[in-house]
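Asker:
Residue numbers (the numbering used here), protein chains in the order written: chain A, 273 to 397; chain B, 273 to 397.
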């Protein structure tokens with residue numbers, strides 16, 4: 273059980289690191305969060321699919337250096353773990369709007385790395 | 273390798289079954305697609321998070337019996353498998369609009385079952 277608990281904490285820590293990199297506009301930290309695999313994928317709100325480490329990180333670089341990008345606050349993270357794969361769902365608050373994200377992590381050499389992110393606006397209920 | 277190939281075909285078949293149930297407004301088929309776990313989750317376009325088998329399937333029942341629900345066509349599915357977890361990304365076309373979906377499946381007693389779905393509109397590029 274302690275390993276399971278530790279794994280979930282590791283996933284949540286990786287999810288926190290992702291949003292910390294986003295909130296602090298830290299490009300290098302964002303690069304560390306993602307798996308370096310060519311299979312990584314990202315669907316930003318309203319964008320189409322971005323695929324592969326270089327293109328995904330280039331999309332983040334554009335977001336993080338955009339002076340008009342509002343800060344992000346994340347909350348309500350919940351984790352489902354399936355072996356070395358974990359799915360985190362969480363809220364994102366950006367400029368007064370509410371979004372929901374699906375973040376998929378895999379365990380690589382003992383560290384949880386982001387392999388997929390989709391975020392989209394949702395109704396405030 | 274044949275097992276891996278067979279697994280990917282099984283995931284794609286499960287993803288096809290999901291969209292076939294949606295396209296044919298088949299509530300019973302939709303119920304079969306999902307894992308019966310209380311951990312299943314769904315983020316419909318613009319909705320907030322729906323959680324648990326009963327609530328998720330109730331949300332689908334409302335969609336499938338809605339006479340104004342336009343038909344859906346899905347395409348471009350790609351799979352990433354991580355052990356007994358697989359993530360499918362695919363396009364959805366509804367009433368001339370393009371959406372992108374993240375569908376997460378897990379293998380239960382040899383069958384791939386849907387445990388999470390998020391879909392949201394994207395730009396047409």
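All C-beta atoms in this analysis are idealised placements derived from N, C-alpha and C, irrespective of residue type, glycine included.
1. Could you give the distance in angstroms between the alpha-carbon of residue 296 of chain B and the alpha-carbon of residue 296 of chain A?
2. Closer than 6 Å by C-beta to residue 387 of chain A: which residues in its own chain qualify, once you throw out the five before and the five after it? Chain order, please.
3. What's the gap between the Cα of residue 339 of chain A and the Cα of residue 333 of chain A?
4. Going along the chain, which residues of the stretch 357–372 of chain A sit with their C-beta nearer than 7 Å to a C-beta in chain B?
5. Please report whether the beta-carbon of residue 394 of chain B lies at a distance below 9 Å from any beta-carbon of chain A.
6. Quick check on DSSP: helix, strand or coil for residue 297 of chain A?
7. Thinking just about the alpha-carbon of each residue, which of B:394, B:356, B:361, B:329 is nearest to the one in residue 300 of chain B?
8. Does the stretch 276–286 of chain A come within contact of the stretch 363–373 of chain A, defined as at least 3 CB pairs closer than 8 Å?
9. Here's the rule I'm using: 16 or more other beta-carbon atoms within 10 Å means buried, otherwise exposed. How should residue 281 of chain A be labelled?
10. Between which two residues does the beta strand (DSSP E) holding residue 383 of chain B run?
11. With DSSP run on the structure shown, which of helix, strand or coil describes residue 348 of chain B?
12. Residue range of the alpha helix (DSSP H) that residue 331 of chain B falls in?
13. Kindly list, in the order they appear in chain A, the residues whose Cβ is closer than 9 Å to that of residue 387 of chain B.
14. Take the Cβ of residue 392 of chain B as the centre, count every other Cβ of all protein chains shown within 10 Å, and call the residue buried at 16 or more, exposed below.
15. Applying the criterion that 16 or more other CB atoms from any shown protein chain within 10 Å of the CB defines a buried residue, is residue 383 of chain A buried or exposed?
16. Bridge partners for residue 373 of chain B per DSSP, in chain order?
17. Verify the CB distance criterion: does residue 376 of chain B have a CB-CB separation below 9 Å to chain A?
Answerer: This is what the structure holds:
1. Here the question's residue 296 of chain B lines up with position 24 in the second chain. Here the question's residue 296 of chain A lines up with position 24 in the first chain. For the pair residue 296 of chain B and residue 296 of chain A, the Cα-to-Cα distance works out to about 46 Å.
2. Position 115 of the first chain, counted from the first residue, corresponds to residue 387 of chain A. 307, 312, 376, 378.
3. As a first step, residue 339 of chain A is located in the first chain; it is residue number 67 there, counting from the start. As a first step, residue 333 of chain A is located in the first chain; it is residue number 61 there, counting from the start. Approximately 12 Å, taken between the alpha carbons.
4. Residues passing the 7 Å Cβ filter: 357, 359, 361, 372.
5. Here residue 394 of chain B corresponds to residue number 122 of the second chain, with the count starting at 1. So yes, residue 394 of chain B belongs to the interface.
6. Taking the first residue of the first chain as 1, we reach residue 297 of chain A at position 25. The answer is coil: DSSP assigns residue 297 of chain A none of H, G, I, E or B.
7. For this step, residue 300 of chain B is matched to residue 28 along the second chain. For the residues B:394, B:356, B:361, B:329, the minimum Cα distance to residue 300 of chain B belongs to B:329.
8. In short, these stretches do not touch, since the Cβ pair count stays below three.
9. On the first chain, residue 281 of chain A is found 9 positions in, with the first residue counted as 1. Exposed.
10. Numbered from its first residue, the second chain carries residue 383 of chain B at position 111. Where residue 383 of chain B is concerned, the enclosing beta strand (DSSP E) stretches over 383–393.
11. Taking the second chain and counting its residues from 1, the one referred to as residue 348 of chain B is at position 76. Residue state, collapsed to three classes: strand.
12. Residue 331 of chain B sits at position 59 when you count from the first residue of the second chain. According to the DSSP assignment, residue 331 of chain B belongs to the alpha helix (DSSP H) that extends over 325–336.
13. To locate residue 387 of chain B, count along the second chain from 1; it is residue 115. When 9 Å is used as the limit between beta carbons, residue 387 of chain B is near these residues of chain A: 352, 354, 359, in chain order.
14. What you label residue 392 of chain B is simply residue 120 of the second chain in a count that begins at 1. So residue 392 of chain B ends up on the buried side.
15. In the first chain, the residue the question calls residue 383 of chain A occupies position 111. Label assigned to residue 383 of chain A: exposed.
16. Numbered from its first residue, the second chain carries residue 373 of chain B at position 101. Answer is B:362, B:391.
17. Sequence index remark: in the second chain, residue 376 of chain B carries index 104 (1-based). Output row for residue 376 of chain B: interface = yes.
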